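Below is one structure, written out as structure tokens; the observations come after it.
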Amino acid sequence: MLIVPFDFAATRSLPDWRQNLRWPSMISELREVGERLTREITALGHSHVDGEDGKAILLSGPVLIGQALIAIEAAWSLARTQAEGLQMVSEADEVRYLRGELDVPPVPAFRRVPQQKAATERLLRQIARTATWTPPHRLPATLLKPQAFAVNHNGLLRQEVRRSGRRVLFQDGDHLLLTARSAVKTPPETPAQILNVIVDIMTGMVPVQGALADRLRDILQAKVNFHLAQAYLDLQALRNFPFPALELWSGTAGNRVSRALAFAVKAQGGTTKVFDHGGSTGMLASGALLGLTEGAATDRFYALSPGLADLCREGPLGREIALHRQMEFVGGSGDPHIRTLDARPPQRHGTRARVMLVTGAYLGHRQINPPLPRDPVYLDWHMRLVQILQTLPIDLILKPHPEGLFRGQPHPLGKIGQVLTAPFEASLAEADLLLFDFPLSTTFWTAMCSRHPIVYADLGVAPLNACVMQMIRQRCVTAAVHWNDRGLPDIERDALGTAISQALAMPVEAEAFRDLYLKTDS
370 MLIVPFDFAA TRSLPDWRQN LRWPSMISEL REVGERLTRE ITALGHSHVD GEDGKAILLS
430 GPVLIGQALI AIEAAWSLAR TQAEGLQMVS EADEVRYLRG ELDVPPVPAF RRVPQQKAAT
490 ERLLRQIART ATWTPPHRLP ATLLKPQAFA VNHNGLLRQE VRRSGRRVLF QDGDHLLLTA
550 RSAVKTPPET PAQILNVIVD IMTGMVPVQG ALADRLRDIL QAKVNFHLAQ AYLDLQALRN
610 FPFPALELWS GTAGNRVSRA LAFAVKAQGG TTKVFDHGGS TGMLASGALL GLTEGAATDR
670 FYALSPGLAD LCREGPLGRE IALHRQMEFV GGSGDPHIRT LDARPPQRHG TRARVMLVTG
730 AYLGHRQINP PLPRDPVYLD WHMRLVQILQ TLPIDLILKP HPEGLFRGQP HPLGKIGQVL
790 TAPFEASLAE ADLLLFDFPL STTFWTAMCS RHPIVYADLG VAPLNACVMQ MIRQRCVTAA
850 VHWNDRGLPD IERDALGTAI SQALAMPVEA EAFRDLYLKT DS
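Take any residue in the sequence shown, count from 1 to its spot, add 369: that is its number in the working numbering.
In structure tokens:
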């Protein structure tokens with residue numbers, strides 16, 4: 370019987386796991402599930418948004434969707450491998466429960482738990498962080514009588530605080546939430562009707578039958594109950610909480626703590642501002658996910674530049690948010706990260722071009738939205754890609770994503786190639802050409818603003834906004850990737866070699882992207 374490893378851990382007991390690897394479900398199918406699930410959860414939340422139910426749904430929604438996707442993917446893959454006479458191997462508790470090897474579904478948990486710091490450490494951190502955007506002569510007034518408070522930060526937020534002249538105090542979001550939670554004597558109950566509606570939406574997304582469908586529902590019910598209960602608890606805890614000001618600044622609304630505080634500030638008549646980071650906002654062909662995270666409780670969203678604000682407002686993201694509520698898009702004063710990027714063309718390292726392969730992250734037993742291929746599929750793709758590249762007349766260096774499953778550990782690609790561990794910007798000087806396969810990262814958009822030739826091997830996992838894709842085709846060379854009959858991504862050696870040669874020969878036109886991220890006048 371052919372064995373299919375569901376996760377990287379399973380590959381360790383299968384020395385020949387790549388030999389006959391196949392994958393039973395297409396990534397495009399899971400992406401469509403994530404898209405539909407996000408839209409239905411968002412619509413459900415906004416239909417109840419005047420009460421606690423809607424806020425709890427929108428607060429917990431992004432976490433619930435990611436947690437649902439991994440369980441749905443496991444059940445779907447298990448059903449298909451069984452139907453095709455294959456054996457799916459994994460020791461993850463969710464998969465074991467789906468196979469009937471455990472009597473109860475695994476207990477859900479947060480990947481990140483808020484941490485309470487010691488009072489002295491918290492105060493020193495508050496002063497130090499506030500001082501990064503506050504002139505010394507205004508620091509005492511900001512600490513004693515703030516006009517706004519920031520619960521996290523990024524380069525754009527710090528930049529816009531300085532421009533605004535407002536007294537913005539840094540306040541640790543975890544501390545605020547944990548302080549509020551400590552005052553709750555009786556946690557609220559989770560309404561069974563809301564819980565069941567969400568579980569019904571999730572289970573309706575995947576065609577599995579019988580005992581497997583029952584076990585999938587058990588897993589999803591446990592997850593929804595856990596995360597909804599926490600959302601109701603936090604909303605109750607933060608009701609009437611004495612915030613330092615009623616103007617919240619945040620470096621992201623993708624952070625669950627930030628969204629909880631935003632709902633609470635708005636409930637007291639305050640306003641919320643979110644400041645973009647990473648460069649991907651507005652770039653996707655779908656605005657569903659960011660419509661749920663950034664659009665849930667944000668009054669004013671600051672894009673990195675006026676051009677990016679227009680792209681967000683007039684594109685899929687703006688249309689998605691407008692279905693449910695109003696949110697103002699504001700152009701910031703340019704991407705501070707891109708502004709520091711070396712704009713000079715790279716110096717060639719020799720007669721053979723030095724190509725840097727830059728990859729997305731490996732996720733372990735979790736999933737993002739839009740989803741990435743399972744780790745065995747993604748690792749096999751990268752290994753085959755490296756082997757192809759090593760047959761071309763180039764020198765190859767590898768830059769895997771520093772986060773995810775292999776954070777702080779030797780990367781498996783290090784066994785077949787040279788892996789760079791320095792930050793991406795510091796590694797740029799090592800490369801003559803950049804090869805990407807995943808666009809939703811800071812490095813991808815940083816690279817688009819650099820003077821390096823680029824090849825984009827588009828896996829199709831994160832379709833981009835049509836106007837952005839047109840800019841990408843003008844900026845770099847795209848290499849055709851197809852998914853074969855084994856459910857794996859593939860690329861032709863000659864096509865990849867031609868793409869690299871074309872990219873090295875064509876003039877680098879990065880001005881359109883640099884203007885998009887940096888230009889502040891019309």
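Backbone N, C-alpha and C define an ideal beta-carbon position, used for all residues, glycine too. Predicted model only: the values in this text are computed from it and were never measured.
Grab the span of the beta strand (DSSP E) containing residue i for me, first residue to last.
i	result
I823	823–826
I766	763–768
Q327	Given that the chain is displayed from residue 370 to residue 891, the structure contains no residue 327 and the question cannot be resolved.
D724	One detail in the question is off: residue 724 reads as Val in this sequence, not Asp. Here the beta strand (DSSP E) through V724 covers 722–727.
F882	No beta strand (DSSP E) contains F882, which is instead part of the alpha helix (DSSP H) from 880–887.
F807	That residue, F807, is in no beta strand (DSSP E); it is neither H nor E in DSSP.
L538	537–539
A517	517–519
V846	846–848
Taking all protein chains shown into account, decide if residue i is buried (16 or more other Cβ within 10 angstroms of its Cβ) or exposed.
i	result
F479	exposed
S416	exposed
M395	exposed
G542	buried
R507	exposed
V626	buried
Q436	buried
P685	buried
A868	buried
C836	exposed
D801	buried
H780	buried
T489	exposed
S674	buried
A606	buried
L493	exposed
S946	This structure leaves residue 946 out entirely; the chain is present only between 370 and 891.
Along the chain, where does the alpha helix (DSSP H) containing residue i start, and where does it finish?
i	result
P374	First-last for P374: 372–374, but that is the beta strand (DSSP E), not the alpha helix (DSSP H).
F595	579–607
Q528	524–533
A622	It is not in any alpha helix (DSSP H) - A622 carries neither H nor E in the DSSP assignment.
C681	675–683
F610	It is not in any alpha helix (DSSP H) - F610 carries neither H nor E in the DSSP assignment.
T555	Looking at the DSSP string, T555 is not in any alpha helix (DSSP H), and its letter there is neither H nor E.
P509	508–513
Check residue i in the structure and name its three-state DSSP category.
i	result
G700	strand
A831	coil
D668	coil
E616	strand
W386	coil
W392	coil
T640	strand
L427	helix
V877	coil
H858	One point to set straight first is that residue 858 is Pro, not His, in the sequence displayed. The answer is strand: DSSP assigns P858 an E or B state.
L653	strand
W502	coil
L802	strand
H544	helix
H851	strand
M571	helix
G866	helix
L710	coil
G420	coil
M648	Reading off the sequence, residue 648 comes out as Gly, not Met. Correct three-state label for G648: coil.
A633	helix
S819	coil
L692	coil
Considering only the beta carbon of each residue, do residue i and residue j sit closer than 7 Å?
i	j	result
A666	K635	yes
L726	L804	yes
T640	D668	yes
L765	V824	no
V877	P822	yes
A519	F539	yes
H951	N523	The first residue shown for the chain is 370 and the last is 891, placing residue 951 beyond what the model contains.
S459	F375	yes
D827	V850	yes
A831	L857	no
Y747	C818	no
Does any C-beta atom of chain B lie closer than 7 Å to the C-beta of residue i?
i	result
T572	This model lacks chain B altogether; it includes just one protein chain.
Runs of beta strand (DSSP E) lying entirely within the region 729–796, each at least 3 residues, in chain order: 763–768
Taking only runs that begin and end inside the region 451–497, name each unbroken alpha helix (DSSP H) of 4 or more residues, in chain order. 462–467
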